[in-house]
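Peer 1: Numbered by full-length UniProt numbering, the letters in the sequence shown go through residues 1 to 245 in order. Virtual Cβ for every residue (Gly too), placed ideally from N, Cα, C.
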Amino acid sequence: MDEMGLNASVVGQLQDLVIDSEDVSGFLEDLAVFTASSVSAARGQDVLCGVTLSRRRRSMTVAGSSHEARLIDEVQQAYGDGPCLEAMRTGKSVLVRDTSTDSRWPEYCSTIAERGHLAVLCVPLRLEEGATAAINLFAPHSDAFDEASIRSCEQFASQAEKALRLAVRIGARQQRAEDLEQAMRSRTAIDLATGVIMGQNRCSQEEAFRILSKASNGRNQKLRDVAESLLQSLTNETPVSHFDA
């Protein structure tokens, strides 16, 4: 974007944020800091930035350029409504020119006005199905964002959302890999424990698994935890799955 320098350099920096982040939460934090710095430089005043991400079957993730920025977004989550959530629902940017007089979200606006944040601009990020997000900007003066700055921020968001899509995809693949590894580790412990029970009770694999399951239900513990407890009592070590490098 022109005001914030939307060029190959900025696009490259957004890509670097994805590469350098260990997970989605880390990327959101870095994105919030980068956005706040870019907007502040363009507007000539300190602007805070929060980024909110909602994904199916996951709790909402809130990141911020500072502790205060995260707190402001969390306040909105507590009230259950506000400009950020409105932007995420409608897919349209939401501007609050003066939080001290805006009547759409009186509780939220009153709270952040008391904290010295008088202007809010929330720009949605268009993600893949099942996920929504928004960049939330907070300024200390009313009417801090004009039409030109809104267009500028929307152009920036169009690039940021591409980087966020990539970060979410990478995060999803990492999660699937971790889930698979966890499942294989669970399977290892359960199989070994079943073998121990077969040897101790001179029974079939099916009967040994039934005994293990009964112990799991009786103790109200996960099957894997009961299996590992049994193995640790014998070897004093936790079984580990081995993978080829």
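1) So who's on the other strand from V51, going by DSSP bridges?
2) Roughly how many angstroms separate the alpha carbons of G12 and F27, rounded to a whole number?
3) Need the endpoints of the beta strand (DSSP E) that C122 sits in, please.
4) What whole-angstrom Cβ distance do L137 and V39 have, given they're in contact under 8 angstroms?
5) Do the region 59-75 and the region 95-104 meet, that is, are 3 or more Cβ pairs less than 8 angstroms apart?
6) What residue range does the alpha helix (DSSP H) around D30 cover?
7) Just list the residues that DSSP pairs L95 with in beta bridges.
8) Kindly indicate the opening and closing residues of the alpha helix (DSSP H) around N217.
9) Here's a check: name, in chain order, each residue in its chain whose Cβ is nearer than 7 angstroms to the Cβ of L95, leaving out the five neighbours to either side.
10) Ignore the nearest five residues each way along the sequence and tell me which others in S162's own chain have a CB closer than 8 angstroms to its CB.
11) Once DSSP output is grouped into helix, strand and coil, what is the label at V10?
12) Thinking V18 and L166 are a contact (beta carbons under 8 angstroms), I'd like their distance in whole angstroms, please.
Peer 2: A quick look at the data gives this:
1) If you number the sequence shown from 1, residue 51 lands on position 51. Note: V51 sits in a beta bridge opposite A63, I135.
2) Numbered from 1 along the sequence shown, position 12 holds the residue referred to as residue 12. Numbered from 1 along the sequence shown, position 27 holds the residue referred to as residue 27. In a straight line, the C-alpha of G12 is about 14 angstroms away from that of F27.
3) Counting from one through the sequence shown, the residue named residue 122 turns up at place 122. Where C122 is concerned, the enclosing beta strand (DSSP E) stretches over 119-125.
4) If you number the sequence shown from 1, residue 137 lands on position 137. If you number the sequence shown from 1, residue 39 lands on position 39. L137 to V39, Cβ: 6 angstroms. Contact.
5) no
6) Here residue 30 is taken as the residue at index 30 of the sequence shown, counted from 1. It spans 24-43 - the alpha helix (DSSP H) in which D30 sits, taken as one unbroken run.
7) Within the sequence shown, the letter at position 95 stands for residue 95. DSSP, once it has assigned bridges, lists L121 as partnering L95.
8) Residue numbering aside, residue 217 sits at position 217 when the sequence shown is read from its first letter. From DSSP, the alpha helix (DSSP H) with N217 extends over 205-219.
9) Translated into the one-based positions of the sequence shown, residue 95 becomes position 95. Here the set comprises L121, F145, I150.
10) Along the sequence shown, one-based indexing puts residue 162 at 162. Checking the displayed sequence, the identity of residue 162 turns out to be Lys instead of Ser. Closer than 8 angstroms at the Cβ level, and outside the excluded window around K162, lie L14.
11) For this step, residue 10 is matched to residue 10 along the sequence shown. Of the three classes helix, strand and coil, the one that applies to V10 here is helix, per DSSP.
12) Counting from 1 along the sequence shown, the entry for residue 18 is found at position 18. Counting from 1 along the sequence shown, the entry for residue 166 is found at position 166. Rounded, the Cβ-Cβ distance is 5 angstroms, consistent with contact.
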